[in-house]
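In our numbering, the protein residues as written are 24 to 386.
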């Protein structure tokens, strides 16, 4: 055999044994995570599903405490499906991307009412549930039911684009990445293969300064061989949203705070907030102040020094905060209510509202 043929043969062998090398690495280095089954144990579909929903656009470190709180309060999907949406939103408060919480609850209700408390065990069946898209369906199918499918999250995208030096930019490259990720599935242990790639991306093939020397796939990684592994995945330039501005009104009645619930649909749907103006690009302070709630005894609003800033996925926000105090028996305007300041931690405030309240009350 010629040296060229021998090299080609070695390369082919390396590619075909990638799944085995990946699983061998995983068996030695798998992360211990609160939702992950121990080696040899069967994964709990409820815990897999709950963690996957929470982990969308959120870090493992941030999710851990929330996951523990949820499973302590609702140990299975039936318990969660019988809870109230308000309770779920309160428990979720601070984790962000609140549509996930509403979808989580809707899915739990559907599994409880339509499936007898048991998750479907196929991608098709899982995708029919509220809030479960292609990635989440594949992740649950693989990890909880060992279906031979490969979910592709951000970590796996990074590993695959580097391994194959995929030049096409995201998001257009997603179908090709999905196709190439499937080549890393062995004949069995699909769930472990997926979790191995996730762990590899989280601990070794990191966005910056990947530890290539420790990678089980480094011998034939195209990005490492080329020396430009940190440039993958390729990404199209992001479009930043236009700055929006508005006002928030922090009103106290003794030891109580005036609040209301946001509409169920839309940004921060169903969450609790203090009354405020619309959030609009180019809005001037006078126009925002004109949207203050009408309250008996409030002749003028006190504007707090400084502004509250927050960045959402699609736009940055700046809020001016106005405060006022009213008499003990002042009624809340229609659609609003008074809540004790001492119990604010139990309300379903998004982070932006917690910033506003802290600013307005000097907490």
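Each residue gets a CB set at the ideal place from its N, CA and C atoms; glycine is no exception.
Treat the numbers as computed from the prediction; the structure is a model and nothing was measured.
Cross-strand partners of residue i (DSSP beta bridge)
i           : result
residue 299 : 271
residue 339 : 334
residue 276 : 279
residue 318 : Answer by DSSP bridge pairing: none, since residue 318 is not bridged.
residue 65  : The partner list for residue 65 (beta bridge, DSSP) is empty, contrary to what the question assumes.
residue 344 : 271
residue 193 : 258
Bounding residues of the beta strand (DSSP E) (the contiguous stretch that carries residue i)
i           : result
residue 363 : 359-363
residue 83  : No beta strand (DSSP E) holds residue 83; the alpha helix (DSSP H) holding it covers 83-96.
Distance, residue j Cα to residue i Cα
i           : j           : result
residue 195 : residue 256 : 11 Å
residue 42  : residue 260 : 33 Å
residue 69  : residue 132 : 13 Å
residue 329 : residue 271 : 13 Å
residue 307 : residue 348 : 24 Å
residue 206 : residue 372 : 44 Å
residue 278 : residue 323 : 20 Å
residue 300 : residue 75  : 34 Å
residue 228 : residue 288 : 38 Å
residue 218 : residue 81  : 17 Å
residue 79  : residue 170 : 21 Å
residue 244 : residue 186 : 4 Å
residue 153 : residue 122 : 11 Å
residue 72  : residue 304 : 37 Å
residue 315 : residue 302 : 13 Å
residue 156 : residue 174 : 11 Å
residue 138 : residue 102 : 14 Å
residue 112 : residue 351 : 29 Å
residue 117 : residue 374 : 5 Å
Per-residue burial, residue i [other beta carbons within 10 Å of its own, 16 or more giving buried]
i           : result
residue 366 : exposed
residue 12  : The structure shown does not extend to residue 12, since the chain is modelled only from 24 to 386, so the question has no answer here.
residue 149 : buried
residue 67  : buried
residue 224 : buried
residue 84  : exposed
residue 40  : exposed
residue 63  : exposed
residue 202 : exposed
residue 159 : buried
Terminal residues of the alpha helix (DSSP H) in which residue i lies
i           : result
residue 257 : First-last for residue 257: undefined, no H or E at that position.
residue 74  : 68-78
residue 242 : Note, residue 242: premise wrong, no alpha helix (DSSP H); not H, not E.
residue 110 : 108-115
residue 183 : 177-187
residue 198 : 197-204
residue 372 : Taken as a continuous stretch (DSSP letters only), residue 372 belongs to no alpha helix (DSSP H), as it is neither H nor E.
residue 307 : Per DSSP, residue 307 belongs to no alpha helix (DSSP H) and is neither H nor E.
residue 294 : Note, residue 294: premise wrong, no alpha helix (DSSP H); not H, not E.
residue 166 : 157-168
residue 42  : 41-52
For residue j and residue i, believed in contact at Cβ under 8 Å, the rounded distance
i           : j           : result
residue 167 : residue 146 : Rounded, the Cβ-Cβ distance is 11 Å, inconsistent with contact.
residue 180 : residue 163 : Actually they do not touch by this definition, with Cβ atoms about 19 Å apart.
residue 46  : residue 215 : 6 Å
residue 343 : residue 311 : 7 Å
residue 298 : residue 292 : With 8 Å as the limit, residue 298 and residue 292 do not qualify as a contact, their Cβ atoms being about 17 Å apart.
residue 128 : residue 108 : 5 Å
residue 264 : residue 338 : 3 Å
residue 165 : residue 236 : Contact flag wrong, Cβ pair sits at about 29 Å.
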